[in-house]
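Structure, as structure tokens:
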Amino acid sequence: MASKKVAVKAEPHGFEFGGPIGASLISFGLPIGCYAFAFLCNDVSGCPAPSLLSPSKLFTAPALSNKSGFQHALDTLATEVGWPGWTGLLNTEAVVGTLAWYAISLFLYAILPAQEVEGVELSTGGKLKYRFNTFLTAVTILVACAAGTFTLGPHFQVWTFIDRNYIQILTANILISYALGTYVYIASFGVKPGNADKRELAAGGHSGNILYDWYIGRELNPRISIPLIGEVDIKSFMELRPGMIGWMILDLAWIAKQYRTYGYITDSILMVVVSQSVYILDALWMEPAILTTMDITTDGFGFMLAFGDLTWVPFIYSIPARYLSVHPIILGPAYIAAILAVQGFGYYIFRASNNEKNRFRNNPNDPAVAHLKYIETASGSRLITSGWWGTARHINYMGDWFMSWSYCLPTLAAGYRLTPSILYPGTRLVTTDGMQGYAMPITYFFMIYFAILLVHREMRDEAKLRLDQTNGIARTETEQQFDNRGTTDIQSHWKPREKPSSGPLMASTSEQNHPEDQEEPPYPFSLGSYTPSLLLPTSSSPAAQKSFTQALLWSYAFNHAEAQSCFQTALYHDSHCVLAYWGLAVSGGPNYNLPWEGLGSEDERRAEVEKCREWIGKAVEVLERKEGGEDGVVRRLVEAVGRRYGVHIETQADGQVAVAKNEESFDYAAWNEAYAAAMGAIFKDFGHDPDITTLYVDALMNLHPWSLWDISTGKPMEGARTLEIKDLLEKSLDSEEGKNHPGLLHLYVHLMEMSPRPEDALPIANRLRKLVPDAGHLLHMPTHLDVLCGDWDRAMEGNRLAIRADEKYLAHRGGKNFYTLYRCHDFHFRVYAAMFAGRYGVSLATVEGLERTLLDDIEGVLRPNADFLEAFLGMRVHVYVRFGKWKELREMSMPEDVELCSVTAAMFRYGKGVAAAVEGDQNEAVRQGELFEEAKAKVKEGRTLFNNTAKDILNVAAAMLDGEVEYRTGNVEEGLASLRKAVELSDHLPYDEPWGWMQPPRHALGALLLEQGWVEEAKVEYEKDLGLDEKMHASNTILSFGLLFLFLSSLPTTSAWAIAFFERDDCWGDAYSVHSGDDNFSGKHPGYTRPGENADNQKCYWNKDWGLIQEPCTVATAPVPKSFYVGSNTGCVTGVLSEVKDKFFGRTTPGECNSLKNFKGRPALKRDPNLVFRCRSLAVMAAQDPPVQKKIGVYPVPSNGTKYSNTTDGTVAEDDDEWDDDEDHLEEVPEEDVAFDMWGNLLTPTEGATNAPAGVNATQE
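In terms of full-length UniProt numbering, the sequence shown is residues 1 to 1261.
As structure tokens, then:
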């Protein structure tokens, strides 16, 4: 039976939160904590900042630095977290926006319909009235945001404002919290005993200590009257309105950010935001319920509640959504269902228990709660002792805490790293490599903090109850039993969650005898749908089979290190998998790109042999377990791979296996022959299987790596089984099982790239494009043929995709592996294609990516592998020379560590010498030539660039530099003789792709011959460059074809280093000069002129598709160089075009031009698929009728989504499939010119600018 309520005036009581000292630490520590979470989990470097994982390294300054370890740590962290500086913590935009948010909240509070509710009775008597419409306010704001998002999508100004000013908005709210806490503290001194305004001090808020009272809140329910708004209860207004709705708005802003960044929204961020929104909207809907909470009835309003409501809640509680906006995670239905179950369980407890409490407090006689038992305290409040509240004193806290799990669990084992994209400067790659779990204290902080908060609140309630008990409460037997249970908090109602047996982080399996499979993390690479048939270890677990398949694919992709890692994983799942041991042996040792002689010293080769022999021995130990059926193919494969390493394995009549090793003679060539013979025997019985064919062909190709064809004759190399290999591959590729086999396709490209007809392999190479999405080398391989055929756009695109896959592999596996060479090769290829396509921006950006991949870890990657990696750092010089960037060449900084960067140093001297010669500074050119010879002499013998030695390449550079210097000093004959020597040296370099010397010497030789007026001799050189003399090596077919076109048309030719092509404009009658490499410039420009015409009429086109230029258009203020243009005589032009068409393509109709078979003349000319489109346009022009588009060629899909066309009239020919890319051809991402040299120094510093830190200590000479 309830007793009469006794009104007790609240008296001051003891300190909480550690008293004044604790209040001080919290008041100034919590804002720092908010900044720590905002900065340490960021979208600049990662979550957490990566340097924090290596404290010893973080606090160790570089050897040459004059900074202390502490200063180095501060500088490093400032960079990694995006520290804006002290003044950058706040800006006007954020202040105005934040104040506007509070103004809107007040405005909606005043004008929207509201519910008037009385609060609980005050200790001094009477009740305050409250105005509640926060739910309607939230709906209004959400509708407005929805309208803006519907109109502008993720770029709606509210979302971008938050993302752009997040730190500054946080600062503004911190300052408002301090200001509000100070205001209510000062205003509290206006509270007078017995006043009519029903103002009273909080029991714990008038201790007499200024700092503590300011923190805890001196006045219980401070109010303020605002003109046009009316009276506002500050505490109830701040409790739910700006902070809780702000929390939801922040969440939605992070969804918009994820969509802006990635183009999709993940289920994980939806899980977090929907869960939190339900919680928030539920709280807003039940807004009157706050009147019975401790915040309203007990706690004063000071800095603690102001900061908690306005800053802590929105900015800390939204951390999981902010994390997922940068690191998108896809959970899947099973994990979502599990989280929803946890949340639903928590919500049920939370809402049911709170409803029970609220109904009882508002009306104890309500039939739904009338049966509940309770005790009454001295202060008059009633404590329920049955129902939900009889189960635990604060059962609602447990439900609240369970709900908080759903906010954090979607982040999984949190942690990510942001690494600069090598392919696209200015963008970053998100990976979890080495970071998983380290961010969990951040993303799961809400759950941890909430548990601590709720336990602390429970302790405060218990303290209050004990205080009441000391004031003389009569307790019944039931009440005594309730009290005797002691403190029953949420910790007694949960147990640590057991590890799940399956889920998105676990690999599930139906095999009971392979429980370890459940622990395997998801494999990070997508390798397509290929699955072996005969070679699949069917007796092993599904997980072992999956890892084996991945390993086999990586071996076909020539990433042998990753293949061996996957074979080892297969053995982890099944230690008796013979095929996995076989795979380790077959993926070790030599391969087509790394024959025996390339495996290091003799000791290193023997060590590799012993390692592979060990794996073979382990395979032999378990050979009694047959795999692959009764055919014994696995046993025979093990025997065959044994031959590769001098191991003779023989199965005796009794089934025992005898093993004999050749320890005396390490005859690697003989081993290769024996292995090929053994694979040939297996092929006779199992040649129908594409994997067996791949292994046999690989064995045959390794007998003569990179020597299958004689490129001087176009015939198979003597002794090589080239035609047999070709027949084997084509038959298998023609079968249903083999037509899309990655290994067969890869080897066929290698076979045909040196053949006299590489264009024949294009239809097959097209099958390989994008077949294995994350195998960078396979994405790259078709571009070997693209380059040979002059399809520069496709070569750039293919290597862009390859580099993107390489970046992913780098992020997961690091750069300390042999695959770094393949990654550099993809950059190298893209630079080469972009140079010949005339794409300066692409060339330079790709060079920068190549430099970063080597210079980011000099000691770990570059120095240990300098012999085969360092020469790549000279690519920048080729780009600058190709595009006539003489100023940039002069300003290049020389590497100080010339022993490490010896090839680079020599190439830099070459480039500086050419620049000086061209610009007329012959003394400097001679000086740089002498320095070049000194640098060249210091290059070690072991330095290579793929198939060429650095010395051979630098010999070409020496002849090129001598030619330029001699010619520019007036020694024309000597200069041309040196360039002819450069041509000879380049022609006789070992076959390589790209060619060992990146800039064909014939282009320079031909240009200088033209400058001397020796047109016929220049024509011969350009014809040779095209391959019209039936030599196999051709360089830039597009460029040389353009020049040859000029000769045949008897038109005026260009000056040195200049070339152009034509676009149709009426009668092809406009002149087209050239300029220095702006990829985006097209149209009129008053700064460019041509002889006899007004600058305003000048059209200066930069044709990306035909790869033109090095020399700027004529500038009005500069001397006028030679120029050329086509006259407006349509008949003349048509006659010229017809002559060219007949000479190179025969007398064909436009339809007949569509076939590569109709090409005439030198084989290399047939390699260029773009000539098909040119042929088509020529035939059309000869007919002088159908309209021809201005640009004829293969185009990437423009940003507006328009599909490209290969035809001149906008339609796609039905028979274009053999060279046309698929419709998913990705557009080229714009790449801007870069203002830094490779060492990190500004090329042309602006006033007040300083050089960036050097990657290698650099000096300017």
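Virtual Cβ for every residue (Gly too), placed ideally from N, Cα, C.
Asked: In this structure, how does DSSP classify H704 when only helix, strand and coil are distinguished?; Found: coil
Asked: Quick check on the DSSP output: the beta strand (DSSP E) that includes Y130 runs from which residue to which?; Found: 129–132
Asked: By the 10 Å Cβ neighbour count, where 16 or more other Cβ atoms means buried, how is P716 classified, buried or exposed?; Found: buried
Asked: Opposite R830 in the DSSP bridges: which residues?; Found: According to DSSP, which records beta bridges pairwise, R830 is partnered with nothing at all.
Asked: Over the uninterrupted beta strand (DSSP E) stretch that includes P895, give me the two end residues.; Found: 893–895
Asked: From G920 to V914, what does the alpha carbon distance come to, in whole angstroms?; Found: 10 Å
Asked: Contact check, N221 vs D213 under 8 Å by CB: the rounded distance?; Found: N221 to D213, Cβ: 16 Å. No contact.
Asked: Confirm, please, whether the CB-CB distance from R613 to V634 is below 7 Å.; Found: no
Asked: Can you look up P364 in the DSSP assignment and give me helix, strand or coil?; Found: coil
Asked: Measure how close the beta-carbons of G302 and I216 come, nearest whole angstrom, since I'm counting them as under 8 Å.; Found: 5 Å
Asked: Considering only DSSP beta bridges, list what K715 is partnered with.; Found: D710
Asked: Assuming T944 and A871 make a contact with CB atoms under 8 Å, what is their CB distance in whole Å?; Found: 7 Å
Asked: In whole angstroms, what is the alpha-carbon distance linking I125 and L310?; Found: The identity of residue 125 in the sequence shown is Gly, whereas the question assumes Ile. So the two alpha carbons sit approximately 30 Å from each other.
Asked: Would the beta-carbon of R644 fall within 7 Å of that of W671?; Found: yes
Asked: Does the Cβ of V143 have 16 or more other Cβ atoms within 10 Å, making it buried, or fewer, making it exposed?; Found: exposed
Asked: Give, in chain order, every unbroken run of the alpha helix (DSSP H) that is at least 4 residues long and sits entirely within the stretch 889–931.; Found: 902–918
Asked: Give the DSSP-derived three-state secondary structure of L429 in the structure shown.; Found: strand
Asked: Count the C-beta pairs between the stretch 47–54 and the stretch 429–438 that are closer than 8 Å, then say yes if the count reaches three, no if not.; Found: yes
Asked: Who pairs with C612 in a beta bridge, going by DSSP?; Found: For C612, which the question treats as bridged, DSSP gives no partner whatsoever.
Asked: Looking at the structure shown, is C41 part of a helix, part of a strand, or coil, going by DSSP?; Found: coil
Asked: Got a sec? Which residues, its chain only, sit under 8 Å from F156 by beta carbon, not counting five neighbours each side?; Found: C145, G148, T149, A256
Asked: How is the beta strand (DSSP E) around I226 delimited, first residue to last?; Found: 223–226
Asked: Skipping 5 residues on each side, what residues in its chain have a beta carbon closer than 6 Å to that of G18?; Found: none
Asked: CB-CB under 8 Å to P742, same chain, minus the five flanking residues each way: which ones, in chain order?; Found: G528, Y530, L553, Y556, A557, L768, L771, V772, A775, L778
Asked: Just the Cα atoms here: how many angstroms apart are A341 and M835?; Found: 58 Å
Asked: Assign G1127 to one of two classes, buried (16 or more other C-beta atoms within 10 Å of its C-beta) or exposed (fewer than that).; Found: Here the model assigns G1127 a pLDDT of 27, short of 50, so the residue's position is not dependable, and the following value carries that caveat. Exposed: under 16 other Cβ atoms inside 10 Å.
Asked: Do C577 and S540 have their beta-carbon atoms positioned less than 7 Å apart in this structure?; Found: yes
Asked: In chain order, what residues of the same chain lie with their CB nearer than 6 Å to the CB of G205, ignoring the 5 residues before and after it?; Found: D213, I216, G217, R218, G300
Asked: Enumerated in chain order, which unbroken segments of the beta strand (DSSP E) with a length of 3 residues or greater are wholly contained in the stretch 149–229?; Found: 223–226
Asked: Compare the C-alpha of V641 against each of P537, L579, I162, A607 and name the closest.; Found: L579
Asked: What residue range is occupied by the uninterrupted alpha helix (DSSP H) comprising R757?; Found: Run containing R757: none; DSSP gives neither H nor E here.
Asked: Under three-state DSSP, which class holds C47?; Found: strand
Asked: Shortest alpha-carbon distance to N165 belongs to which of A253, P864, Y130?; Found: A253
Asked: So who's on the other strand from S383, going by DSSP bridges?; Found: The sequence given here has Leu at residue 383, not Ser. Answer by DSSP bridge pairing, in chain order: I375.
Asked: With DSSP as the reference, label N766 as helix, strand or coil.; Found: helix
Asked: Grouping DSSP H, G and I as helix and E and B as strand, with all else coil, what is N740?; Found: coil
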